[in-house]
Structure formats: C-alpha cells, structure tokens
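Residue numbers (the numbering used here), protein chains in the order written: chain A, 127 to 241; chain B, 600 to 710.
Think of the CB as a built atom: it goes at the ideal place given N, C-alpha and C, for glycine as much as any other residue.
Note sheet for the following structure.
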Amino acid sequence: DAGVTQSPTHLIKTRGQQVTLRCSPKSGHDTVSWYQQALGQGPQFIFQYYEEEERQRGNFPDRFSGHQFPNYSSELNVNALLLGDSALYLCASSSNGGRAYTEAFFGQGTRLTVV
Amino acid sequence: GNSVTQMEGPVTLSEEAFLTINCTYTATGYPSLFWYVQYPGEGLQLLLKATKADDKGSNKGFEATYRKETTSFHLEKGSVQVSDSAVYFCALTTTGNQFYFGTGTSLTVIP
Chain A
127 DAGVTQSPTH LIKTRGQQVT LRCSPKSGHD TVSWYQQALG QGPQFIFQYY EEEERQRGNF
187 PDRFSGHQFP NYSSELNVNA LLLGDSALYL CASSSNGGRA YTEAFFGQGT RLTVV
Chain B
600 GNSVTQMEGP VTLSEEAFLT INCTYTATGY PSLFWYVQYP GEGLQLLLKA TKADDKGSNK
660 GFEATYRKET TSFHLEKGSV QVSDSAVYFC ALTTTGNQFY FGTGTSLTVI P
C-alpha cells in the first residue's frame with residue numbers, strides 16, 4: 127500500500143504565479159482534505175473533497191481552489207501567489223463517507239516557496 | 600468554536616526521562632481527540648487517538664486519556680528514547696471532515 131502520495135515534493139514559484147499540487151489518496155479512501163502548515167505552526171484546514179465536490183471549506187480566500195477526480199485523486203490550485211503562501215501543503219485522505227471519527231492519513235507534503 | 604491549545608516548546612529531555620506534553624481543547628459537540636507526530640522533513644503520522652470520554656489511547660509506549668471534565672488530552676511516555684525526537688501535534692475533530700490542530704510541541708531527546 128503506497129499510502130498518500132503527493133507531488134511535487136518541493137517547488138519554487140514567483141509571486142503572482144499560479145501553482146497546482148497533486149495528491150493520490152490511500153487505497154480504499156474516497157475523501158481528500160488539504161491543509162496548509164506554515165513554518166512552526168500546526169496545519170490549517172483549507173478544504174475537503176468528497177464525491178468530486180467541495181464538502182467543507184476553511185478560512186482561505188478564493189485564490190485557493192481544488193478538484194477531485196473520479197479516481198479520488200485531487201489537486202490544489204493557488205492563484206496569484208503571495209509570499210505568505212509559502213508553506214508545507216499536506217494532503218490527508220480518509221474513508222469518511224460522511225461518517226465521523228475517521229482517522230486521516232497524511233502525505234509527506236509539498237513544500238512551496240514563493241519568492 | 601473548536602480549538603486546541605498545546606504546551607509550548609521546545610522540550611529537551613535526557614534519554615529515559617518521563618515525558619508529558621499538555622493539551623487542552625475547546626469543542627462544540629463531542630470531539631474525537633488525536634496525537635500526531637511529525638519527524639523532520641515528513642508528513643504527519645497518527646500516534647494515538649480516543650473517541651469518547653475516559654478512553655485511553657496508546658501506542659509505542661505513549662498514552663493519553665480523554666478527560667472531558669478538564670477538557671484535556673495530555674500525552675505521556677514513561678521513558679523517552681532518542682528516536683522519539685519529533686514535533687507532536689494534538690488535534691480534534693467533531694465531524695471527521697475538519698481537523699483542528701495545536702501549534703505543535705518540539706521534543707528533543709539527548710543521549
């Protein structure tokens with residue numbers, strides 16, 4: 127079992143550019159969540175996708191958008207990058223199906239640096 | 600709302616010392632509580648969890664008890680090892696959809 131895989135592992139972008147991060151969930155999981163972890167902080171919830179729709183969203187601007195594909199993989203897109211978007215972006219997968227108390231499995235993350 | 604407050608670090612201990620990392624929470628509804636660990640350069644790994652009051656989660660010598668009366672979920676280990684050096688995050692969820700994390704506590708264990 128490959129677990130949750132994210133790509134790329136690192137990337138550097140220029141302020142104002144757009145970026146796409148990718149996530150493949152753990153086998154058997156149908157729900158993908160994205161988190162932003164700034165240096166020295168805990169992860170902050172961006173949004174969650176289930177059945178190819180955004181089910182819940184945290185306190186992030188519309189510059190952050192996502193997509194889930196029929197195979198449950200997901201993308202996170204960030205437009206008009208700001209220096210403050212520099213962070214580790216974590217993908218978490220689970221098999222909620224709407225049920226509570228489900229363990230989330232996290233990927234290794236994508237380290238985004240905006241210069 | 601939902602939030603988690605963790606003991607500030609960093610924490611430095613000698614090998615075989617006793618570890619406690621404090622965690623308190625505020626939640627609407629009935630949360631499940633978790634401890635995640637993050638090793639340098641890696642993502643988060645689930646360490647242990649508890650889904651209802653008085654439950655004790657345990658794994659790899661670590662344990663934490665869900666205390667509803669004090670809204671706490673303190674992490675303990677009787678004898679730490681160098682390999683336990685990492686950042687520890689306390690977290691909760693009430694719906695399974697969104698996890699709320701503390702700011703993390705960095706632990707360094709010296710031989």
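Given residue i as reference, the closest of the options once Cα atoms are compared
i: residue 702 of chain B; options: B:672, B:692, B:709 and B:687; result: B:687
i: residue 691 of chain B; options: A:171, A:217, A:158 and A:239; result: A:171
i: residue 623 of chain B; options: B:614, B:606 and B:679; result: B:606
i: residue 220 of chain A; options: A:233, A:213 and A:209; result: A:233
i: residue 629 of chain B; options: B:684, B:621 and B:601; result: B:601
i: residue 685 of chain B; options: B:603, B:604 and B:612; result: B:612
i: residue 158 of chain A; options: A:140, A:201 and A:138; result: A:201
i: residue 195 of chain A; options: A:140, A:133, A:134 and A:149; result: A:149
i: residue 229 of chain A; options: A:152, A:144, A:140 and A:132; result: A:152
i: residue 667 of chain B; options: B:653, B:649, B:661 and B:697; result: B:653
i: residue 231 of chain A; options: B:621, B:642 and B:604; result: B:642
i: residue 216 of chain A; options: A:184, A:236 and A:140; result: A:236
i: residue 180 of chain A; options: A:168, A:197, A:160 and A:167; result: A:160
i: residue 166 of chain A; options: A:214, A:189 and A:197; result: A:214
DSSP bridge partner residues for residue i (one or two, in chain order)
i: residue 164 of chain A; result: DSSP, once it has assigned bridges, lists no residue as partnering residue 164 of chain A.
i: residue 139 of chain A; result: A:240
i: residue 179 of chain A; result: A:176
i: residue 696 of chain B; result: Answer is none; residue 696 of chain B lacks a bridge partner.
i: residue 243 of chain A; result: The question about residue 243 of chain A has no answer, for chain A in this structure spans 127 to 241.
i: residue 656 of chain B; result: B:663
i: residue 203 of chain A; result: A:146 and A:191
i: residue 234 of chain A; result: Answer is none; residue 234 of chain A lacks a bridge partner.
i: residue 131 of chain A; result: A:150
i: residue 623 of chain B; result: B:604 and B:671
i: residue 213 of chain A; result: A:238
i: residue 708 of chain B; result: B:612
i: residue 702 of chain B; result: Beta-bridge pairing links residue 702 of chain B to no other residue.
Chain B contact for residue i (CB, 9 Å cutoff)
i: residue 216 of chain A; result: yes
i: residue 222 of chain A; result: yes
i: residue 201 of chain A; result: no
i: residue 194 of chain A; result: no
i: residue 230 of chain A; result: yes
i: residue 235 of chain A; result: yes
i: residue 130 of chain A; result: yes
Assumed close pair residue i, residue j - CB separation to whole angstroms, cut-off 8 Å
i: residue 154 of chain A; j: residue 175 of chain A; result: The pair is not a contact, with the Cβ atoms about 16 Å apart (cut-off 8 Å).
i: residue 773 of chain B; j: residue 682 of chain B; result: No information on residue 773 of chain B is available, as it lies outside the stretch 600 to 710 that chain B covers here.
i: residue 664 of chain B; j: residue 655 of chain B; result: 5 Å
i: residue 207 of chain A; j: residue 129 of chain A; result: Residue 207 of chain A to residue 129 of chain A, Cβ: 28 Å. No contact.
i: residue 633 of chain B; j: residue 645 of chain B; result: 6 Å
i: residue 145 of chain A; j: residue 209 of chain A; result: Not quite, the Cβ-Cβ distance comes to about 13 Å (not below 8 Å), so this is no contact.
i: residue 197 of chain A; j: residue 696 of chain B; result: At roughly 21 Å, the Cβ-Cβ gap does not stay under 8 Å, so residue 197 of chain A and residue 696 of chain B are not in contact.
Any C-beta of chain A under 9 Å from that of residue i
i: residue 665 of chain B; result: no
i: residue 616 of chain B; result: no
i: residue 627 of chain B; result: no
i: residue 633 of chain B; result: yes
i: residue 718 of chain B; result: Since the first residue shown for chain B is 600 and the last is 710, residue 718 of chain B is missing from the structure and cannot be characterised.
i: residue 688 of chain B; result: yes
i: residue 708 of chain B; result: no
i: residue 640 of chain B; result: yes
i: residue 610 of chain B; result: no
i: residue 681 of chain B; result: no
Any chain C beta carbon closer than 9 Å to residue i
i: residue 615 of chain B; result: Reference to chain C is not applicable here, since the protein chains of this structure are A and B.
For this session: Mind checking the region 174 to 186 of chain A against chain B and listing, in chain order, the residues whose C-beta falls within less than 8 Å of any C-beta there?
Result: Per Cβ criterion, the list reads 174, 181, 182 and 184.
Exercise. If contact means a Cβ-Cβ distance below 8 Å, which residues of the region 642 to 656 of chain B contact chain A?
Worked result: 642, 643, 644, 645, 648 and 650
Exercise. What residues in the region 142 to 176 of chain A bring their beta carbon closer than 7 Å to a beta carbon of chain B?
Worked result: 167, 168, 169, 171 and 174
Exercise. Along the region 690 to 703 of chain B, what residues have a CB closer than 9 Å to any CB found in chain A?
Worked result: 690, 692, 693, 694, 695, 696, 697, 698, 699, 700, 701, 702 and 703
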